[in-house]
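As you go down the protein sequences, you meet chains A and B in turn. Position one of the first sequence corresponds to residue 506 (our numbering), numbered consecutively onward. Position one of the second sequence corresponds to residue 506 (our numbering), numbered consecutively onward. Each remark here refers to the structure printed beneath this line.
There are 2 protein chains.
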Amino acid sequence: MADASGSTGPTASPLFLREAEIRRGIELLYFGHAAMVRGADRILAARGLGRAHHRALYFIGRRPGLAVSELLRLLAITKQSLSRVLSDLQRLGLVESRVGEADRRQRRLRLTAEGERLEAELFAALKERMARAYAQAGQAAVGGFWAVLSGLIPPEDRALVLALDREGRKPGGKRP
Amino acid sequence: MADASGSTGPTASPLFLREAEIRRGIELLYFGHAAMVRGADRILAARGLGRAHHRALYFIGRRPGLAVSELLRLLAITKQSLSRVLSDLQRLGLVESRVGEADRRQRRLRLTAEGERLEAELFAALKERMARAYAQAGQAAVGGFWAVLSGLIPPEDRALVLALDREGRKPGGKRP
DNA sequence: CATAGTAGGTCAACATGGCTGACGCATCCG
DNA sequence: CGGATGCGTCAGCCATGTTGACCTACTATG
């Protein structure tokens, strides 16, 4: 690690399980997450959307063609809550759904061109902040960042999250 | 963007700034944070409290004697929102407020014995998860975790967050 | 093929926790 | 003294989560 943890004070001591270290993690996680989330609020407000819309948009953009049930598992909310958000997004022409080919009960979701435009704008805001943090902290720190975070996620969910990364989406391509 | 992995730029740009790495960070941060927050829900529900109560309780426990305005800055909500939460906590005998000594307009907040008991229980749940993640990831990873997160926080807020760690606890406080 | 199970949509009611706006005090400070 | 500050409160609205019940369309199975 590029010993770039300068602004965070002393590096983790052998006693990193002590209360102070735990609290530091809790607090940085809280404020770091809050900072990311707020970073997109202006863009959303300009469209009359909320954070719930952002989350749905993000995952649909991330896994084009995902089924509603898959999105529900990722968001961990009820289908009634999702339905409001999803129908907003469809009404605004940001998301469209197609009947599944293999299983015609499914509705496979994807972004429209306009939806992709908005998602790109939102992602740019997130990216700017995250990229700056990565650059400041150094490459090795990024590995540590990932390692701790993935340890926080319960094993059942972890596979789901890591699966987001597999098989990059290609615009225009179809996902199974 | 996401400048293809195939094309090597003029100067090999750092791998970790590529889109996939940014998205991985966004997603792990989201799910890691969600896992931590949910980890306390059972305990809160058993007392009929919500996450907003937890956040207030946490910071009051962290900085006994803080003023309402300081808590407001940390939580970044309006005083009307806070007032509901705070009056719940006071009504339940978990938090008490005293008139400030230097400035008698202030109300300095602290946990009651019962409030400390609940906070300890909530902290134990958070700690278990965080400690396991720290242990799995290793000591060096923890430093990276902190470094990236603190880079996410806007500079104005960063000082506020880091100040939580400084021992300002009043005399009489027992901290190892 | 009948039927049970699954994917999804919808209606209705309610809880939580944000927000704005408008006041009212007590207190501090120039 | 008079304005600014710290705090509390009333009143109403909005976003987003919850349960529970019920419906259609489709799949899978005995």
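Cβ atoms here follow ideal geometry from the backbone N, Cα and C, with glycine treated the same way. Values in this document were obtained by computation on a predicted structure and should not be read as measured data.
Using 8 Å as the threshold, is the C-beta distance between residue i and residue j below it?
{"i": "residue 544(B)", "j": "residue 634(B)", "result": "yes"}
{"i": "residue 649(A)", "j": "residue 536(B)", "result": "no"}
{"i": "residue 532(A)", "j": "residue 666(B)", "result": "yes"}
{"i": "residue 558(B)", "j": "residue 590(B)", "result": "yes"}
{"i": "residue 604(A)", "j": "residue 620(A)", "result": "no"}
{"i": "residue 653(B)", "j": "residue 646(A)", "result": "yes"}
{"i": "residue 564(A)", "j": "residue 549(A)", "result": "no"}
Out of the options, which one is the CA nearest neighbour of residue i?
{"i": "residue 659(B)", "options": "606(A), 638(A), 652(A) and 580(A)", "result": "638(A)"}
{"i": "residue 566(B)", "options": "627(B), 661(B) and 531(B)", "result": "627(B)"}
{"i": "residue 614(A)", "options": "588(A), 653(A), 664(A) and 666(A)", "result": "588(A)"}
{"i": "residue 631(B)", "options": "670(A), 657(A) and 571(A)", "result": "657(A)"}
{"i": "residue 551(A)", "options": "595(A), 670(A), 647(A) and 623(A)", "result": "623(A)"}
{"i": "residue 602(A)", "options": "534(A), 641(A) and 576(A)", "result": "576(A)"}
{"i": "residue 570(A)", "options": "643(A), 618(A), 611(A) and 645(A)", "result": "611(A)"}
{"i": "residue 606(A)", "options": "664(A), 572(A) and 564(A)", "result": "572(A)"}
{"i": "residue 661(A)", "options": "643(A), 671(A) and 581(A)", "result": "581(A)"}
Mark residue i as exposed unless 16 or more other C-beta atoms lie within 10 angstroms of its C-beta, in which case mark it buried.
{"i": "residue 511(A)", "result": "Its pLDDT being 39, under 50, residue 511(A) is placed unreliably in this model, and the value from its coordinates should be taken loosely. Counting Cβ neighbours within 10 Å, residue 511(A) comes out exposed, since fewer than 16 surround it."}
{"i": "residue 598(A)", "result": "exposed"}
{"i": "residue 553(A)", "result": "exposed"}
{"i": "residue 508(A)", "result": "Its pLDDT being 42, under 50, residue 508(A) is placed unreliably by the model, and the measurement read from it follows with that caveat. Exposed, because fewer than 16 other Cβ atoms sit within 10 Å of the Cβ of residue 508(A)."}
{"i": "residue 521(A)", "result": "Unreliable placement is indicated for residue 521(A), whose pLDDT of 45 sits below 50; the coordinate value is still reported in the next sentence. Burial call: buried."}
{"i": "residue 629(B)", "result": "exposed"}
{"i": "residue 586(B)", "result": "exposed"}
{"i": "residue 584(A)", "result": "exposed"}
{"i": "residue 561(B)", "result": "buried"}
{"i": "residue 636(A)", "result": "buried"}
{"i": "residue 547(B)", "result": "exposed"}
{"i": "residue 526(A)", "result": "buried"}
{"i": "residue 669(B)", "result": "buried"}
{"i": "residue 528(B)", "result": "buried"}
{"i": "residue 655(A)", "result": "buried"}
{"i": "residue 642(B)", "result": "buried"}
{"i": "residue 609(A)", "result": "exposed"}
{"i": "residue 671(B)", "result": "exposed"}
{"i": "residue 568(B)", "result": "buried"}
Need the endpoints of the alpha helix (DSSP H) that residue i sits in, please.
{"i": "residue 669(B)", "result": "That residue, residue 669(B), is in no alpha helix (DSSP H); it is neither H nor E in DSSP."}
{"i": "residue 537(A)", "result": "524-543"}
{"i": "residue 552(A)", "result": "Residue 552(A) -> no alpha helix (DSSP H), and no H or E assigned at all."}
Give the list of continuous beta strand (DSSP E) stretches no shorter than 3 residues that lie fully inside the segment 596-662 of chain B.
Complete beta strand (DSSP E) runs here, min 3: 600-604 and 612-616.
At what residue ranges does the segment 566-594 of chain A contain a whole run of the alpha helix (DSSP H), taking only runs of 4 or more?
You should have 573-580.
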